[in-house]
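What follows is a short report on a single structure.
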Amino acid sequence: MEHFPLFLDLRGRTVLVVGAGLVAERKVALLLAAGAEVTVLARAAHSRVQERAASGQITLRLQDFAPEQLNGAWLVIAATSDAQLNEAVAQAAAARQLWCNVVDDAARSSAQVPAIVDRAPITIAISSGGAAPVIARRLRERIESLVEPSIGWLTALAQRQRAAIRKARPDLIARRRFYHWLLDGPVHDALRAAQPEKAEALLHRALAQGEKTTAGKVLLVGAGPGDPGLLTLRGLRALNEADVILHDRLVSAEVLQLARRDALRIGVGKTPGEDHEATQRRIHALMVRHARQGQTVVRLKGGDPFVFGRGGEELLALQQHGVAYEVVPGITAALACGAYTGIPLTHRGAADSLTFATAHRQGDAEREEAPHRHTQVIYMGVERLASHGAGLIAQGFAPDTPCALVENGSRPQQRTLHATLATVAQQAREHAMASPALFIVGEVTRLGQRLAWFGETLTPEAAQQPAIALAA
Ligand code: SAH
62 MEHFPLFLDL RGRTVLVVGA GLVAERKVAL LLAAGAEVTV LARAAHSRVQ
112 ERAASGQITL RLQDFAPEQL NGAWLVIAAT SDAQLNEAVA QAAAARQLWC
162 NVVDDAARSS AQVPAIVDRA PITIAISSGG AAPVIARRLR ERIESLVEPS
212 IGWLTALAQR QRAAIRKARP DLIARRRFYH WLLDGPVHDA LRAAQPEKAE
262 ALLHRALAQG EKTTAGKVLL VGAGPGDPGL LTLRGLRALN EADVILHDRL
312 VSAEVLQLAR RDALRIGVGK TPGEDHEATQ RRIHALMVRH ARQGQTVVRL
362 KGGDPFVFGR GGEELLALQQ HGVAYEVVPG ITAALACGAY TGIPLTHRGA
412 ADSLTFATAH RQGDAEREEA PHRHTQVIYM GVERLASHGA GLIAQGFAPD
462 TPCALVENGS RPQQRTLHAT LATVAQQARE HAMASPALFI VGEVTRLGQR
512 LAWFGETLTP EAAQQPAIAL AA
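Residues 62 to 533, numbered by our numbering, are exactly what the sequence shown covers, in order.
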């Protein structure tokens, strides 16, 4: 180990910062956040440093550096742009056995400032010892996304209740068990659900009556459309906590790869032709069984769980069985396909309303006027396309209404077929378009012919539209 990590209590202690430019200002802000008494020494100071001095946050000495100015300091930071001056500061500090950080100069520094993840009272510091700060910062981003903010709130709660916990659990082993229960159980869940009072009440009840072994729970998570970059951070954390993952067929392998290695993965996707109700009942039973065993179950669904995903039904089943749940939204296919085809789902002059629909109940659709300046996004298997396109024309849509069929939206194999309502079924057959595919109908799809940036775009000649007067 080339560097020994150490956390300093700087509250009320003097730290000398030599230099008063923007680099110094960033260090000053950090030191003030840690409660240090900051003295800044420089010939001239950046306006922000001057403002801090004027408002009494720091002491500013507009002087040349001399070793005596180290008197009274616990720590020194050299943040000037003058390498010689930085060197002089470092040497003077070393002569007095004072720790000194020279900003961006590991060789001259006896102390280094790490990359920080702040979940106060938890602090995570990452350092490459100056070897490759970019790598340390990348790691920091990874950790930042994985350590949820509620960890900080939970730690603060434990800190406030420390004496009560000590009193109620004098035995070390019992106390340790209690802390594990805090982390894994309903108190943490309540904090995550933004219910701090409930968390506190649960903690006190458990102290008085004993904590029950953690009941399991189900996290209903939207996996997004396929590109793993479109998973939310909360979704990623859920995948890292999962003991069991029940996933649909639509969930991409790339997303599944992000899950905890030792999580049990069960594919519960519905295949065409099987009894969907029976599969759905089996999914409910699996969720309830694993949660009752105390496990964290992630029910992972393509797109968003509440958009044509039967998410509501699954929650009702969990509620019926008294199983706790959380919901993490995902990017639904409509939003992803719009973005990844350059088709803005609303656009001034072209569409000011938007419908997400599924074709499965087409037979029941009422006959309506074709809405003006409207975008329809239809979630369905491609095999229904012919009847659906014809259905829309029967409803009064013009046969030359522009539309797009997006296959494998956001995935590397994405293909977008531009067509009209009259031609789309035929074109889809010719290009052997397959599910999963999303059908977008409306003027806005023409913009996709101009704004496409991802995957393959198929624009048969008949669908090529003159650039119409769409608001730019
Ligand atoms: N809950 C999902 C939708 C499930 S219904 C969501 O919010 O996206 C299944 C339908 O979604 C498919 O038939 C298809 O029409 C659409 N779909 C899902 N992912 C897709 C993708 N990556 N590309 C195109 N369409 C997709």
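Where a beta carbon is used, it is the ideal one built from N, C-alpha and C, also for glycine.
Does residue i pass the burial test, meaning 16 or more other C-beta atoms within 10 Å, or should it be called exposed?
| i | result |
| --- | --- |
| Glu517 | exposed |
| Leu281 | buried |
| Asp179 | exposed |
| Met62 | exposed |
| Glu504 | buried |
| His337 | exposed |
| Val195 | exposed |
| His537 | There is simply no residue 537 to check, as the chain begins at 62 and stops at 533 in what is shown. |
| Asn132 | exposed |
| Tyr240 | exposed |
| Arg113 | buried |
Whole angstroms is fine: what's the gap from residue i's alpha carbon to residue j's?
| i | j | result |
| --- | --- | --- |
| Gly424 | Ser448 | Since pLDDT at Gly424 reaches only 49, below the 50 mark, its modelled position is unreliable, and no value is offered. |
| Pro289 | Arg310 | 15 Å |
| Arg434 | Thr462 | 11 Å |
| Ala534 | Phe367 | The structure shown has nothing for residue 534, since the chain only spans 62 to 533. |
| Gly391 | Ala154 | 53 Å |
| Asp143 | Thr100 | 19 Å |
| Val312 | Glu387 | 19 Å |
| Lys88 | Thr216 | 26 Å |
| Val443 | Val502 | 14 Å |
| Ala431 | Gly457 | 5 Å |
| Ile439 | Asp166 | 58 Å |
| Lys273 | Arg203 | 33 Å |
| Gly363 | Gln111 | 53 Å |
| Ala418 | Pro497 | 15 Å |
| Thr484 | Ala181 | 60 Å |
| Ala378 | Gly117 | 60 Å |
| Ala486 | Val389 | 35 Å |
| Ala197 | Leu294 | 20 Å |
| Arg343 | Arg201 | 41 Å |
Can the beta-carbon of residue i be found less than 8 Å from the beta-carbon of residue j?
| i | j | result |
| --- | --- | --- |
| Leu406 | Ala395 | yes |
| Gly277 | Gly296 | no |
| Val163 | Ala176 | no |
| Ala193 | Pro66 | no |
| Gly96 | Leu71 | yes |
| Leu102 | Phe126 | yes |
| Thr506 | Ala459 | no |
| Leu319 | Asp304 | no |
| Ser471 | Pro286 | yes |
| Ala513 | Thr477 | yes |
| Gln474 | Phe515 | no |
| Val76 | Thr141 | no |
| His107 | Glu86 | yes |
Taking 8 Å as the CB-CB cut-off, is residue i touching chain D?
| i | result |
| --- | --- |
| Ala339 | Going by chain labels, chain D is absent from the structure shown, which holds only one protein chain. |
Under 7 Å from any heavy atom of the ligand FMN, does the C-beta of residue i make it?
| i | result |
| --- | --- |
| Lys362 | For the ligand FMN, the structure offers nothing, since it holds only the ligand SAH. |
Ordered list of beta strand (DSSP E) runs contained in the stretch 314-364, each at least 3 residues:
325-328, 357-362
Please give the ranges of any beta strand (DSSP E) in the stretch 370-420, keeping only runs that are unbroken, at least 3 residues long and fully inside the region.
385-389, 414-419
Which full runs of the alpha helix (DSSP H) of 4+ residues lie inside the stretch 84-134, going along the chain?
108-115
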